[in-house]
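Numbering (this note's numbering), first residue to last: 56 to 154.
Glycine included, each C-beta is placed from N, C-alpha and C at the ideal position.
Note that this is a predicted model, so its numbers are computed, not measured.
Report on the structure given below.
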């Protein structure tokens with residue numbers, strides 16, 4: 056029996072900076088997962104991934120990541136994705152420098 060589709064977000068790494076980015080509904084790359092488009096339909100998610108993957112001049116390594124809907128917007132479910140939302144792990148760069 057096939058697994059049911061769970062909500063996803065399209066994520067990748069910004070090509071020049073290397074930061075984790077998420078695709079928004081208006082086709083921007085955001086460094087904030089809460090701005091990402093939460094995809095609840097499998098066919099639409101596959102289409103958005105194909106569109107994102109074609110933007111090789113902006114990003115690298117696009118994929119669909121499991122996410123959940125919260126009052127603040129999409130949030131990561133798995134540890135790997137939650138870790139990516141915090142930015143580079145080498146202080147004091149990126150998002151961690153702002154903390």
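Residue j and residue i - do their beta-carbons sit closer together than 7 Å?
i: residue 100; j: residue 77; result: no
i: residue 117; j: residue 107; result: yes
Taking residue i as the reference, which of the options has the closest Cα?
i: residue 80; options: 93, 139 and 69; result: 93
i: residue 85; options: 98, 135, 106 and 69; result: 69
i: residue 61; options: 71, 95 and 74; result: 95
i: residue 75; options: 104, 115 and 111; result: 115
i: residue 113; options: 57, 59, 64 and 71; result: 71
In or out: residue i buried (at least 16 other Cβ within 10 Å) or exposed?
i: residue 102; result: exposed
i: residue 137; result: exposed
i: residue 98; result: exposed
i: residue 104; result: buried
If residue i sits next to residue j, beta carbons under 8 Å apart, how far is it from one beta carbon to the other, in whole angstroms?
i: residue 125; j: residue 131; result: 10 Å between Cβ atoms; not a contact.
i: residue 214; j: residue 129; result: Within the shown structure, residues of the chain are numbered from 56 to 154, placing residue 214 beyond reach of any answer.
i: residue 109; j: residue 66; result: Actually they are not in contact, since the Cβ atoms of residue 109 and residue 66 sit about 16 Å apart, beyond 8 Å.
With which residues is residue i paired in a DSSP beta bridge?
i: residue 114; result: 69
i: residue 129; result: 124
i: residue 85; result: 77
i: residue 94; result: 63
i: residue 119; result: 65
Beta carbon of residue i: closer than 6 Å to some heavy atom of the ligand HEM?
i: residue 107; result: The ligand content of the structure shown is nil, which means the ligand HEM is not present either.
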